[in-house]
Each structure stands twice: as C-alpha cells, then as structure tokens.
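Asks: Residue numbers (the numbering used here): 6 to 521. We treat Cβ as the ideally placed atom computed from N, Cα and C, and that holds for glycine.
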Amino acid sequence: MKNRSNVSLSLRKLFTAMLAVGPVAILPSPVWAALPTSADFAVQNGSASVATVGSVATISSSDRAVLQWGAGKFLIAAGETYNFQMPAGGAVLNRVGTTAAVDTATIAGNIDSNGRVFILAPGGTINVHSGASVTASGGLVLSTLNEDNGSFLTSGNLVSLPGAIAASNGAISIGIPNPAAPGAAAPIFTSSVSAASGSLSLASVNASGDVTVRSVNAATPLSLAANGNVLVRGNLAATATNSDITQATGAGTGTITVGDTTNMLRLATFTTTGSNNITLDNVGNDFSNISLNTAVGSAAAGAVVVKDVSDIYLANSTLGGSLAVTAAGFATFPAIATVGTIAVAGNADFSTTGANTRTGVSISQNSTVGGTLSGTVSNNSSFSFTGLGNVKIGTISALVTSGGVTINTTGNIVSDVGTTVAASGNSATNGGAINLIGTAINTSAGTLTAGTAAAAGTVSLNATAGNVTIGAINSNRTVTLTAAAGNISQAAGKIITTTTASARPPARSSPPPPKG
Numbered sequence: 006m007k008n009r010s011n012v013s014l015s016l017r018k019l020f021t022a023m024l025a026v027g028p029v030a031i032l033p034s035p036v037w038a039a040l041p042t043s044a045d046f047a048v049q050n051g052s053a054s055v056a057t058v059g060s061v062a063t064i065s066s067s068d069r070a071v072l073q074w075g076a077g078k079f080l081i082a083a084g085e086t087y088n089f090q091m092p093a094g095g096a097v098l099n100r101v102g103t104t105a106a107v108d109t110a111t112i113a114g115n116i117d118s119n120g121r122v123f124i125l126a127p128g129g130t131i132n133v134h135s136g137a138s139v140t141a142s143g144g145l146v147l148s149t150l151n152e153d154n155g156s157f158l159t160s161g162n163l164v165s166l167p168g169a170i171a172a173s174n175g176a177i178s179i180g181i182p183n184p185a186a187p188g189a190a191a192p193i194f195t196s197s198v199s200a201a202s203g204s205l206s207l208a209s210v211n212a213s214g215d216v217t218v219r220s221v222n223a224a225t226p227l228s229l230a231a232n233g234n235v236l237v238r239g240n241l242a243a244t245a246t247n248s249d250i251t252q253a254t255g256a257g258t259g260t261i262t263v264g265d266t267t268n269m270l271r272l273a274t275f276t277t278t279g280s281n282n283i284t285l286d287n288v289g290n291d292f293s294n295i296s297l298n299t300a301v302g303s304a305a306a307g308a309v310v311v312k313d314v315s316d317i318y319l320a321n322s323t324l325g326g327s328l329a330v331t332a333a334g335f336a337t338f339p340a341i342a343t344v345g346t347i348a349v350a351g352n353a354d355f356s357t358t359g360a361n362t363r364t365g366v367s368i369s370q371n372s373t374v375g376g377t378l379s380g381t382v383s384n385n386s387s388f389s390f391t392g393l394g395n396v397k398i399g400t401i402s403a404l405v406t407s408g409g410v411t412i413n414t415t416g417n418i419v420s421d422v423g424t425t426v427a428a429s430g431n432s433a434t435n436g437g438a439i440n441l442i443g444t445a446i447n448t449s450a451g452t453l454t455a456g457t458a459a460a461a462g463t464v465s466l467n468a469t470a471g472n473v474t475i476g477a478i479n480s481n482r483t484v485t486l487t488a489a490a491g492n493i494s495q496a497a498g499k500i501i502t503t504t505t506a507s508a509r510p511p512a513r514s515s516p517p518p519p520k521g
C-alpha cells in the first residue's frame, strides 16, 4: 500500500506541474488525427456517407458529389486510409477551406478509389507526405487555385477562375518529410496525379502513371527532387508561370527519372513563361525524351541546363534563350539526338561525358540555333548538326575513331572569334573529319583541326551558293574547298597545314565559247 500511495502522490505532483506550465507544453505534435465521420463534411452536391472499420474510412458518394470539409478535417494520418467509392468512371470533389478562410489538406496515409478524386484548397495548402500511397483509377487532382464547383459539376473537371482567393494562390508540396514517420519513402502513386498551385514542390515521388504539375506564382520556382528522387514511369509535365523550374541540389536531394526500361518513349516536358530558367543540373537524371520550352522574345531570355546519365532525345522544343545539354550515352546510341525540331534563339551546347563506344551528338529534324553552336564528344563518335538557317560555330571537339564534325545547313556557316573545331584521332592511325556544308562558309575567325600527326583526318568545306573564306586549317590528309557559285579565299596570315590540298573553283553553267 505504501508503494501505491507514493505512486499516486507522484502522479498528482506530475499532473499539477503540467497544469502549471500550460497545455501547449504537453500536447504532442503533430496532433493525432481521427478518422472522419459524417459530421466532418457537408454535402454540397449529390450524396455521400462514411463508414469506418479499423483504420479505413470508406466514403461512398454519387458521381460528381461535392464534399465541403470542416476546418482541419481532411487529414489522412500515416497508417490511415480514405477509400472513396462511387459509380464506375465517377469523380468526387473534396473542398477544404471557404471563401472566408483558407485551410490545409494533408495526405500522410493512403487514398484508394475506384474513380477520380479531387482535392481543392483555394488559397490554402496541400501536403502529401513521404510514406503516402494513392491508388485512384481515375487519378488524383490537387489544386489550391481559385476554382469553383461549376465546371466540376458540368464537365467533371476544374477550371481556374479570374483572380485569387488569396494573394499567394496557395502551396502544394508532394513528397515532403512526415514528422510522424521520419525516413519514410517517397509517396507512391499507382495512378496519374495532377497538381496546380501558387507555389509547388515535387520533392519526391514514385509514380507509375503520368504526373502533371503547374505553379503560377511569379518569382517562386517550381522545385523538383528537394527531398529525394522523382521517379515517373509515365509522362511528366512541369509548367511554371513567370518563374524558374529548378532541381534542388545539396544533401538529401536526388535525381529525376522519366520512363523506365519498358517505357523508353515517355516524354518529360518542361515549360516556363517570361524570362525564366530551367535548371535540371544532376548528372544522375535519366530522361527518355524531353521537350524544353522557354519564352521567345523576352527581354532577358531564360537559360536551360539539362544533364542525363545515359542518352537523351530532344523532342519538339522552343527556347528563347540558351540551351546546354550534357549526357553520358550508351554503347549503341548517340548520347544526344533529336526526335523533333528544336529551335534555340540563343547559344546551344551539346556535350557528352561517357566512355562508351558511341557517345555522339546528332542534331537534326530541321533544327535551328540563333546563337553559337558548340559542344564536345568525349569518345569514339561524331558531332553532327543538320538544320536550317545560319549557323555560328563555337568551340567543337570530337574525340573519334571514325566520323568527326559535320555541320550541314541551308544558311551560311561562320566561325565565332577565336574558336576551334577539332576532330581528334582516337586511335594510332585514324583521325576524325570536318565537313561543313552551307550556302556560304567563313571560318577565318577560327581554326579547323582534323586528326593529328599520327592519326590523319580530312577537312571539307562546301559552299553551295556563295564564297568560301578560310582561316587556319590543320589536316594530315586532305583539304577540299568547294564554292559552287562563289570564290575561295584565305584570311591574311592564316596557314593551311596538310599533306594534300585541293580546291575546286565555281562550276561553270555552260562550256566557254570557242576561241577565234
């Protein structure tokens, strides 16, 4: 009995002490969620009911039902499941927050659904924590923009309204750490997910379907891979309005992978408006096909940087500023190639870093570069550009066994000041070639070097309708200069070094008249 009395006394003292310091000091954080009841939401359209068994809340609704959740009530804690059931092909809209107050929706547990699930928090916050899991046959749609019920009721979708319910347009974070489950893996989506918000972070995700994210706040970057890897086996579309798209760097950040070994044709699309940049600057990224789009004609055009661990194929892209692509490559494919037309208003640099037998660059599909074209091929392949319009050549270096540097365009080719185009040999006997084909060719401001003293390489310049003007040329094999309808000349003080040189004058359209 003495022991029990001492225990009771100690408990009374502890309770008295806790009351003295106040309730804030003794409440756990975060507060544990409770499964929802019918009192936690009001049905604004259609019908809905909820039943709970263990840690699962089954919410049964009619098609296009609208549920208005009470403040703080849309909270799926880790280990809990919201199971949305509706007619086949149906949808349900979950509204959190009102015109009078914004609210937060949290997904730390699981969502299962046989239809499409919408979560709308106008001007508020939506958090999808690490460890969450979503399986919705129609996909999951998240939004914090100013959207009403009307379009959902008529079309089963959301359409943004003019203006904003809050100046920030709200925020969505997908894959942020869960304080209640530290170390949890990236949220898993076995269906598509779409998110639109003022500011948006795709911190980490593991998605088997398509992922579409859009941010609308100016000067707030759309952030990717801030808390681990972003893996999307479907298509990824990221759009930022008047802000940058950035890939986080530093401890805890990860890579971006779109597609996998069975979905090599999946497309990653990145789009910004205004004078904004796209920076995907992790050498561990793995894109199958990628489309890059920045504003054209802006005062300070955006710059795009993309790095890839293997090969990368550029789909239709329009860039108002510069483009820099770096890839390692595979043994059997070019490291960088085009499957669509790319139009770069500024400079374009295409470089490879791998040691595979083919790590080359192949830019075609009627592509254009308004600034300077440059790049590096690291091993055993070629650098080629086949496009439209004028091309200014910067520094291009190709370390090759066969092939070399080829520029073929419908416009003029000119060397930038002080640049070098080099196709160095990658064996004891073979050197690379340099082939330039354009309307007129002027390399007087740069130097062309094909092969080495031990590994011979050729240089061929072919002006289809204009002059050929050359600077310094180094070749241990042959130099061929062709001007079909122009003149061939060399800048003062420049030297051709070669074993064999030949020059072809303009072709005559008809035989000369007989003498006498």
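Where does residue 46 sit, in a helix, a strand or coil, going by DSSP?
Replies: In the structure shown, residue 46 falls within a strand segment according to DSSP collapsed to helix, strand and coil.
Asks: What three-state label does DSSP hand residue 194 in the structure shown?
Replies: Three-state DSSP puts residue 194 in a strand.
Asks: Could you check whether the region 193 to 204 touches the region 155 to 162, counting it as contact only if at least three pairs of C-beta atoms, one from each stretch, sit closer than 8 Å?
Replies: no
Asks: List in chain order: all unbroken beta strand (DSSP E) runs of 3+ residues lying wholly within the region 160 to 246.
Replies: 176 to 181, 198 to 202, 204 to 207, 210 to 212, 216 to 220, 227 to 229, 235 to 237, 241 to 245
Asks: According to the neighbour-count rule (16 or more other Cβ atoms, all chains shown, within 10 Å of its Cβ), is residue 502 buried or exposed?
Replies: exposed
Asks: Just to check my reading of the structure: residue 451 and residue 481 have Cβ atoms closer than 8 Å, yes? What is that Cβ distance to the nearest angstrom?
Replies: Their Cβ separation, rounded to whole angstroms, is 19 Å, which puts residue 451 and residue 481 out of contact at 8 Å.
Asks: Excluding sequence positions up to five away, which residues of its chain have a Cβ less than 7 Å from the Cβ of residue 224?
Replies: 248
Asks: Closest to residue 329 by C-alpha separation, out of 317, 355, 340, would be which residue?
Replies: 355
Asks: Going by the DSSP bridge assignment, what does residue 250 pair with across the sheet?
Replies: 227, 283
Asks: Under a CB-based cut-off of 8 Å, is residue 39 close to chain B?
Replies: Among the chains of the structure shown, chain B does not appear; only one protein chain is present.
Asks: CA-CA distance, residue 269 and residue 500?
Replies: 48 Å
Asks: Could you tell me the distance, in whole angstroms, from the CA atom of residue 86 to the CA atom of residue 56?
Replies: 12 Å
Asks: Roughly how many angstroms separate the alpha carbons of residue 504 and residue 486, rounded to a whole number?
Replies: 15 Å
Asks: Looking at the structure shown, is residue 293 part of a helix, part of a strand, or coil, going by DSSP?
Replies: coil
Asks: From the DSSP output, in three-state form, read off residue 54 for me.
Replies: If DSSP states are grouped into helix, strand and coil, residue 54 belongs with the strands.
Asks: Within the continuous beta strand (DSSP E) that includes residue 356, where are the two ends?
Replies: Under the DSSP assignment, residue 356 falls in the beta strand (DSSP E) whose first and last residues are 353 to 357.
Asks: According to DSSP, is residue 387 part of a helix, a strand, or is it coil?
Replies: DSSP, reduced to helix, strand and coil, places residue 387 outside both helices and strands of the structure shown, so it counts as coil.
Asks: Taking residue 319 and residue 345 to be in contact with their CB atoms under 8 Å, please state how far apart those CB atoms are, rounded to whole angstroms.
Replies: 7 Å
Asks: What is the DSSP secondary structure of residue 67, counted as helix, strand or coil?
Replies: coil
Asks: For residue 197, which of 153, 342, 147, 97 has the nearest alpha-carbon?
Replies: Nearest C-alpha to residue 197: 147.
Asks: Within its chain, find whatever has a CB closer than 6 Å to the CB of residue 369; leave out the 5 residues flanking it on each side and keep chain order.
Replies: 343, 391
Asks: Whose C-beta lies closer than 6 Å to the C-beta of residue 219 among residues of the same chain, with five residues either side of it excluded?
Replies: Here the set comprises 201, 244.
Asks: DSSP on residue 147, reduced to helix/strand/coil?
Replies: In this structure, residue 147 counts as strand in the three-state DSSP scheme.
Asks: Assign residue 157 to one of three DSSP states: helix, strand, or coil.
Replies: Collapsing the DSSP output to three states places residue 157 in a helix.
Asks: In this structure, does DSSP put residue 80 in helix, strand or coil?
Replies: Strand at residue 80.
Asks: Which of the three DSSP states, helix, strand or coil, is assigned to residue 502?
Replies: strand
Asks: Hey, residue 403 and residue 437 are a contact pair by Cβ (cut 8 Å); roughly how many whole angstroms apart?
Replies: 5 Å
Asks: Return the first residue and the last residue of the beta strand (DSSP E) that residue 380 is part of.
Replies: Unbroken beta strand (DSSP E) run through residue 380: 377 to 382.
Asks: For residue 125, name the three-state secondary structure that DSSP assigns.
Replies: strand
Asks: Applying the 10 Å Cβ sphere with the 16-neighbour rule, what's the burial state of residue 507?
Replies: exposed
Asks: Counting C-beta neighbours from all protein chains within 10 Å, is the total for residue 52 16 or more, i.e. buried, or is it exposed?
Replies: exposed
Asks: Please go through the same chain and pick out, in chain order, the residues whose beta-carbon is closer than 6 Å to the beta-carbon of residue 26, but skip the five residues on each side of it.
Replies: In this prediction, residue 26 scores a pLDDT of 39, lower than 50, which makes its location untrustworthy; the coordinate-derived value is nonetheless stated afterwards. No residues qualify anywhere along the chain.
Asks: Which residue marks the beginning of the beta strand (DSSP E) containing residue 449, and which one marks its end?
Replies: Run containing residue 449: none; DSSP gives neither H nor E here.
Asks: What does the Cβ neighbour count give for residue 10, buried or exposed, with the cut at 16 atoms within 10 Å?
Replies: Confidence is the limiting factor: at residue 10 the pLDDT is only 37, short of 50, which leaves the residue's position unreliable, though a coordinate-based value still follows. Residue 10 should be labelled exposed.
Asks: Can you name, in chain order, every residue of its own chain whose Cβ lies under 6 Å from the Cβ of residue 37, other than the five neighbours on each side?
Replies: Confidence is the limiting factor: at residue 37 the pLDDT is only 48, short of 50, which leaves the residue's position unreliable and the question unanswerable from this model.
Asks: Could you give the first and the last residue of the continuous beta strand (DSSP E) run that contains residue 409?
Replies: Its beta strand (DSSP E) spans residues 409 to 414.
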